[in-house]
Amino acid sequence: MEKGRLPTRDPTQLQRLLQERTVDLQRVKAEYDNYRKRVRRDRMAVREIAVANVLRALVPVLDAVDRTCAHEPMTRGLEDIADTLRTQLGSLGLEAFGEEGDAFDPACHEALVHHISAAADRLICTKILRSGYRLGDQLLRPAHVEVTGPPPPARNRLRDECGEPRDERDDTEAHDERARPSRPAPRLRPPE
Numbered sequence: 001m002e003k004g005r006l007p008t009r010d011p012t013q014l015q016r017l018l019q020e021r022t023v024d025l026q027r028v029k030a031e032y033d034n035y036r037k038r039v040r041r042d043r044m045a046v047r048e049i050a051v052a053n054v055l056r057a058l059v060p061v062l063d064a065v066d067r068t069c070a071h072e073p074m075t076r077g078l079e080d081i082a083d084t085l086r087t088q089l090g091s092l093g094l095e096a097f098g099e100e101g102d103a104f105d106p107a108c109h110e111a112l113v114h115h116i117s118a119a120a121d122r123l124i125c126t127k128i129l130r131s132g133y134r135l136g137d138q139l140l141r142p143a144h145v146e147v148t149g150p151p152p153p154a155r156n157r158l159r160d161e162c163g164e165p166r167d168e169r170d171d172t173e174a175h176d177e178r179a180r181p182s183r184p185a186p187r188l189r190p191p192e
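The sequence shown runs 1 to 192 under the working numbering.
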């Protein structure tokens, strides 16, 4: 067969060859489009991971600047540093959260202190000890808070938190027995 020449001039065979080549070309084009989309998604995922890692590393720096602003006289230079740092981190998507009066959410708050108030109907963040930060939906660091809320519900003596029956014996006896290991711990040999 000569280069660039078709083996036949039969129109039905030429039509079949054209359809085969068209299907092959469409398949290759679809594969390439899928490849480009996958590469774009992978690049975005890598970028998001890199930004989250950088922001997570800079959160302690932001904490140090905030502490300095709270305890030192505010100079123009310190104010510029704090504002620039917050602006630049915000432009990367860093969001601070945790304000007094927020409803306590264990998914994004860590309660370090719990005050009991009979007048409260739910847990409320009453003091922010350390701000929390997120990047979009991703939690970078939970907020440390003091909460005020109703007293915990009275516990049934026969049920523990998991809803399983408690041992009928005295709580201290049952606790002591559960605290003991079922077999002795292995002894470590001294170095030779």
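Glycine is no exception: its CB is placed at the ideal position from the N, C-alpha and C atoms.
What you are looking at is a predicted structure, and each value in this text was computed from that prediction instead of being measured.
Margin query: For arginine 141, report the span of its beta strand (DSSP E) as first-last.
Written below: 138-141
Margin query: Looking only at its chain, what residues have a beta carbon closer than 8 angstroms to the beta carbon of glutamate 216, apart from the 5 residues adjacent to it on each side?
Written below: Residue 216 falls outside the range modelled here, since the chain spans only 1 to 192, and no answer is possible.
Next item on the list: Please determine, among Gln26, Ala120 and Ser91, the residue with the shortest C-alpha to C-alpha distance to glycine 101.
Entry: Ala120
Note to self: Going residue by residue through the stretch 54-104, where are the continuous alpha helix (DSSP H) segments of at least 4 residues, counting only ones entirely within it?
What the structure shows: 76-91
Note to self: Is there a C-beta anywhere in chain D that falls below 9 angstroms from the one on arginine 36?
What the structure shows: You won't find chain D in this structure, because it holds only one protein chain.
Notebook entry, point to check: Alpha carbon to alpha carbon, how far is leucine 92 from valine 51?
Noted result: 7 angstroms
Check: What whole-angstrom Cβ distance do glycine 98 and isoleucine 128 have, given they're in contact under 8 angstroms?
Finding: 5 angstroms
Check: Between leucine 55 and leucine 140, is the Cβ-Cβ spacing less than 9 angstroms?
Finding: yes
Item checked: As assigned by DSSP and simplified to three states, the class of aspartate 10 -> coil
Check: According to DSSP, what are the bridge partners of lysine 37?
Finding: In DSSP, lysine 37 forms no bridge with anything.
Note to self: At the level of alpha carbons, what is the spacing between serine 117 and aspartate 66?
What the structure shows: 31 angstroms
Next item on the list: Using the Cα positions of valine 147 and arginine 47, report the straight-line distance between them to the nearest angstrom.
Entry: 36 angstroms
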